[in-house]
Amino acid sequence: MNKLVVSGCKDWRRYERQEQYFHDNPPVTFSMDLDGTDRAIIKCLESDARMSLRSVAEEIGVSLGTVSNRLRRLESSGVVTGYTIRLDAEKAGWGLTVVVGLRIEKGRLLELQRRIAEDHRVLGVYDVTGDFDSMVVARAVDRGDLDDLSKTVLSLDGITRSVTHFVLNTVKEKSSSIPEH
C-alpha cells in the first residue's frame, strides 16, 4: 500500500487508518441524470412535501401521469428517499444543538458510528477528513440531556477523543437539495 504523505502531520497512523478505510470501503457513486421536469418535481416537494401530485403537475405544467411516473422512478432509484416535515427545533423542545468531532480507535469506526446513530438525539453521523474520524450532529433538550448524551453515547469504549462545539445561531439549515446545473 502506498503511504499517504502529509507534510507537517504529527499523527501518521491516523492518515494510514483513513487511507485503509477508503481502500476497504470505496464510495458508491451512482448518480441519476435529472432533467428539468425531475428537478421541478423535487423542488415543489421540497417546499411542501404535502403537496398533491395533481398540484405539482399544475405547478410545473405537466400531466398528473408524468408526475406520478417520474416520482415513482425517483423513488425506486433512491433519489427520493422519503417525505418529511421541517420543525423549529427550539419550539419543538430542543434547547441545544451540538457538532461533535470524534477520534475513534482503528478498526472500530463503523461499529461505533452505527451505535451512535441509534440514539434519537443524533441527527447525523459523518465520516470526515481532517483532525477527526467522524463528526456527529445532535440535539439535546437541555444541559442535563447533553450531559447524558456525552456520558452514554459520545464516550463509548473505542472513542479516544471528543470535542463538542455548541451551535450558537443557525444561519441556514436544510436537509438536502439537488445540485444546480
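This note's numbering numbers the first residue of the sequence shown as -15 and each following residue consecutively. Virtual Cβ for every residue (Gly too), placed ideally from N, Cα, C.
State the DSSP-derived secondary structure class of residue i, mapped to helix, strand or coil.
i	result
Lys(-13)	Caution is warranted here: a pLDDT of 37 is assigned to Lys(-13), below 50, making its placement in the model unreliable, and no coordinate value can be reported.
Thr113	coil
Arg23	helix
Val106	strand
Trp(-4)	Annotation note: pLDDT 46 at Trp(-4) (below 50); position unreliable, coordinate value reported separately. If DSSP states are grouped into helix, strand and coil, Trp(-4) belongs with the helices.
Hey, out of the options, whose CA is closest to residue i's CA?
i	options	result
Ala114	Thr154, Arg87, Tyr67	For clarity, residue 114 is Gly in the given sequence; the question names Ala instead. Of the candidates Thr154, Arg87, Tyr67, the one whose C-alpha sits nearest the C-alpha of Gly114 is Arg87.
Asp17	Ser52, Thr68, Arg127, Arg57	Arg57
Thr144	Leu93, Asp111, Asn153, Asp126	Leu93
Asp131	Lys158, Thr81, Ser118	Thr81
Arg32	Glu42, Tyr67, Asp129, Glu164	Just to set this straight, residue 32 is Asp in the shown sequence, not Arg. With distances taken between Cα atoms, Asp32 lies closest to Tyr67.
Val137	His104, Gly91, Val112	His104
Ser118	Gly128, Val147, Glu102	Val147
Lys158	Gly85, Ile69, Arg127	Ile69
Asp19	Arg38, Leu37, Leu55	Leu55
Arg127	Leu107, Phe150, Lys75, Tyr110	Phe150
Phe116	Glu89, Glu74, Lys27, Thr50	Glu89
Ile44	Cys28, Ile162, Glu164	Cys28
Would you list the one or two residues that DSSP bridges to residue i?
i	result
Arg145	Arg87
Ser118	Leu86, Asp111
Thr81	Arg123
Does the segment 89 to 105 come close enough to the segment 52 to 71 that 3 or more CB-CB pairs lie under 8 Å? No, the segment 52 to 71 does not touch the segment 89 to 105.
Given 8 Å, three or more beta-carbon pairs between the segment 119 to 134 and the segment 65 to 82: Yes: at least three Cβ pairs fall under 8 Å.
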